[in-house]
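**Student:** The structure that follows is given in the form of C-alpha cells.
In our numbering, the protein residues as written are 36 to 513.
So, in C-alpha cells, the structure goes:
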C-alpha cells in the first residue's frame, strides 16, 4: 500500500503492525518527511507533518473529502454524539450547538463561572491558612465540573466541597480509558470482531457510569420540556428548544434540530469534554507557573494592572490580557490536550503531490508538531514569549493545533479558555503557586533513541509524559 505511494515508516509486524511503537514511545517522528506510515494492526495510517497538507486536510477539503474522524465503533449510547457522527448528521448537530458558544452566550455564562471561581478561592484560603499541600488536578477538576454543570444545566453541585458527589465520581470513571485498553487493542488488531461485540452491546465506556449520566440528564431534560416558559440560557435549554420529534427524524433532522437521544448525547459530551479540557490545562498551567516563578511574577503584574487592588475580574478585562494568553498558549503547546487528530478520506484525492486513496486514515501528530525543533526552537523550554504580538506572526498556525483547526475544530474552545482565564486571575490575585517536596519536577519530553532508516531518513522516538500524577503544589499568599 505505502510502497506504491512512496511513503516510508517503521516496518510493521504481522497482525500488530507498528502497535509496539505506541506502547514504547506513544508517537513516532519522521523529521525529514512530509508524510510517514504507521499500521494500527492491519490498518494503514498515513501520518502528515507538512503544514500545507494539514491545512488542506483540516480546512480546504474538510467538507468535500476529510469530514469524518476514524470510528472505532463500540460507542454505545454516544453513537450520535457530535464527536462521533459523520457528514450531514455532523453538520446538523454542530450547527445546532454552535449558538451556545457565541460571545453573547459566553458573557451570560461569565457570572456563573465567577460564582464557582470565588468558591474555589474560599476553599483555597482555608487550605492555605493550615499550610496544606494540594493535588491541583483534583481541585481544578472540581471547579471545572461545577462550571460545566451550572452553565450547561443550571445545576449547582458544589463538588469543590463535596468531592464524592456522584457526578464527579462517575466522570472520573469515564476518564480511566487509555490507548492500551485491552478492548481497544482487540478491535484494532482484530477488526472483524467489532460487529460481534456491537451485537453484544459491548462499549468502550463503563456501563454503570453511562447509565448514571443518561438517567441524570433525562430527568433534567424532562423538567425543561414540561416548563415551556423557561427563560434559562444554558446548553440544555438551547437543545430542548431546537428538539424535533423522534418519529420525524428522517424529514426534519437532515436540516435542523436534535432528537431526544441526541440531546442527551451532546449533553454528556459537554460534561466529559468540559471537565477534562479545563482541569488538565489548569493543572499543567499551575505546574508551569510553580516551576517558572519569573513567569508567574510577570503574570501577576499584568493582573494587577488590569484589575488593580484585587478588583473583580470582568469579561472585557480578561479579553485584554495579552500575557495571560501567552502563558496559556505556551502551556497548551507543551502539554496539548490531545496528542493527534485523525480524518478519513471519503474519496481518492491528491494533496500537495501526495495521493491519498479513498478510505485512508490520515493522522496529524499534534504532540510532535508542538515539539518539533524546526517550528519551535528549544521546544522543551517553557517560554510564553513565543506567542507575543511581535512573534505571533512568525508562527505557522498549523504547527499549533491544540483545539484542532477548520470546521471540525473544538466547538467549546472559547468556553474552555474563559473558564481557565477567570480562575487563574482569581487565584493569582491572592496566591502564588510554589513547588513542594512532593512535586515531581521533570521535563515533558525525554529523547530516547535515534534510529537511522534507509535513504537517510531519520526517525526520532520520544517518550511523552502526558499527565503529572504527582503534580502536588502549595499555595502561598501573594
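Backbone N, C-alpha and C fix where the C-beta goes; we use that ideal spot for every residue, glycine too.
#1: Shortest alpha-carbon distance to residue 141 belongs to which of 187, 425, 429?
#2: Given this structure, state the Cα-to-Cα distance separating residue 445 from residue 46, to the nearest angstrom.
#3: Could you check where the beta strand (DSSP E) with residue 351 kicks off and where it finishes?
#4: Could you please give me the residues that DSSP links to residue 390 through a beta bridge?
#5: Under 9 Å, do residue 316 and residue 370 count as touching if we go by C-beta distance?
#6: Compute the distance between the beta-carbons of residue 459 and residue 367, then report whether it is under 9 Å.
#7: Quick one: Cα of residue 328 to Cα of residue 157, how far?
#8: Please identify the residue among 303, 73, 125 whose C-alpha is closest to the C-alpha of residue 442.
#9: Kindly identify the DSSP beta-bridge partner or partners of residue 529.
#10: Let me know the alpha helix (DSSP H) ranges lying completely inside the stretch 161-231, each 4 residues or longer, listed in chain order.
#11: Evaluate the contact criterion for the stretch 182-196 versus the stretch 141-154: three or more CB pairs, one atom per stretch, below 8 Å.
#12: Can you grab the Cα-Cα spacing for the pair residue 185 / residue 435, in whole Å?
#13: Mind checking which residues open and close the alpha helix (DSSP H) that includes residue 377?
#14: From which residue to which residue does the alpha helix (DSSP H) around residue 369 run?
#15: Among 373, 334, 341, whose alpha-carbon lies nearest the alpha-carbon of residue 363?
#16: Leaving out five residues on either side along the sequence, give the residues of the same chain with a beta carbon under 6 Å from the beta carbon of residue 152.
#17: Tell me whether residue 400 sits in a helix, a strand or coil according to DSSP, three-state version.
#18: Taking Cβ to Cβ, would you say residue 131 is nearer than 9 Å to residue 308?
#19: Going along the chain, which residues of its own chain have a beta-carbon closer than 7 Å to the beta-carbon of residue 454, five neighbours each way excluded?
#20: So is the beta-carbon of residue 125 under 8 Å away from any non-hydrogen atom of the ligand MN?
#21: Go ahead and label residue 360 buried or exposed: buried means 16 or more other beta carbons lie within 10 angstroms of its beta carbon, across all protein chains shown.
#22: Once DSSP output is grouped into helix, strand and coil, what is the label at residue 452?
#23: Counting C-beta neighbours from all protein chains within 10 Å, is the total for residue 138 16 or more, i.e. buried, or is it exposed?
#24: Locate the alpha helix (DSSP H) running through residue 275, then write down its first and last residues.
#25: Given 8 Å as the limit, is there contact between the stretch 86-97 and the stretch 108-119, that is, 3 or more CB pairs closer than that?
#26: At which residues does the beta strand (DSSP E) containing residue 466 begin and terminate?
#27: How big is the Cα-Cα spacing for residue 50 and residue 395?
#28: I'd like to know if the stretch 377-393 and the stretch 335-348 are in contact, where contact means that at least 3 CB-CB pairs between them fall below 8 Å.
#29: What residue range is occupied by the uninterrupted alpha helix (DSSP H) comprising residue 297?
#30: Give a yes or no on whether the C-beta atoms belonging to residue 401 and residue 437 are separated by under 9 Å.
#31: Residue 75 and residue 223: beta carbons closer than 9 Å?
#32: Note down, in chain order, each residue of its chain lying with its Cβ closer than 6 Å to the Cβ of residue 323, except the 5 sequence neighbours on either side.
#33: By alpha-carbon positions, which one of 299, 87, 155 ends up nearest to residue 247?
#34: Cβ atoms of residue 423 and residue 475: under 9 Å apart, would you say?
#35: Taking Cβ to Cβ, would you say residue 218 is nearer than 9 Å to residue 232?
#36: Using three-state DSSP, classify residue 139 as helix, strand or coil.
**Tutor:** In terms of the structure at hand:
#1: 187
#2: 34 Å
#3: Where residue 351 is concerned, there is no enclosing beta strand (DSSP E), although the alpha helix (DSSP H) it sits in stretches over 350-354.
#4: 385
#5: yes
#6: no
#7: 23 Å
#8: 125
#9: Outside the displayed range of the chain (36 to 513) lies residue 529, so it cannot be described from this structure.
#10: 171-188, 201-209, 217-224
#11: yes
#12: 31 Å
#13: No alpha helix (DSSP H) contains residue 377, which is instead part of the beta strand (DSSP E) from 375-379.
#14: 357-369
#15: 334
#16: 457, 458, 461
#17: Strand, per DSSP.
#18: Contact: no.
#19: 148, 179, 182, 313
#20: Ligands are entirely absent from the displayed structure, and the ligand MN is therefore not among its contents.
#21: buried
#22: helix
#23: exposed
#24: 270-276
#25: no
#26: 466-470
#27: 18 Å
#28: no
#29: Per DSSP, residue 297 belongs to the alpha helix (DSSP H) from 295-326.
#30: yes
#31: The Cβ atoms of residue 75 and residue 223 sit closer than 9 Å to each other.
#32: 366, 417
#33: Looking at the Cα atoms, 299 is the closest of the given residues.
#34: no
#35: yes
#36: In the three-state reduction of the DSSP assignment, residue 139 falls in the helix class, which pools H, G and I.
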